[in-house]
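Notes for the one structure printed next.
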Amino acid sequence: APFACDKCNRKYRSKGAVVYHLHNECGVEPKFCCDYPGCNFKAKQKGNLKRHKIRKH
């Protein structure tokens, strides 16, 4: 992949994907928390939390 994040060196296929990563993922604390009792899962994206709940609970 020709595009890489300057902070973490993760590689992407487009510059837009790197920009999205920098604004929404790299160094960003997870803000979506699973509310299932005893589960400590946290996600940076709402869709990832939804997928977690479907697969694990």
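Counting from 1, one number per residue, gives the positions in the sequence shown under the UniProt record's numbering. Even glycine gets a Cβ: it sits at the ideal position worked out from N, Cα and C.
1. Which same chain residues, not among the five before or five after residue 32, have their C-beta less than 8 Å away from its C-beta?
2. From residue 1 to residue 8, what distance separates their C-alpha atoms?
3. Suppose only complete runs of 4+ residues qualify. What are the alpha helix (DSSP H) ranges in the stretch 12-45, listed by chain order?
4. Please report the distance separating the alpha-carbon of residue 52 from that of residue 26.
5. State buried or exposed for residue 18, treating a residue as buried only when at least 16 other CB atoms are found within 10 Å of its CB.
In short, the structure shows the following:
1. 42, 43, 44, 45, 46, 48 and 49
2. 14 Å
3. 15-24
4. 20 Å
5. buried
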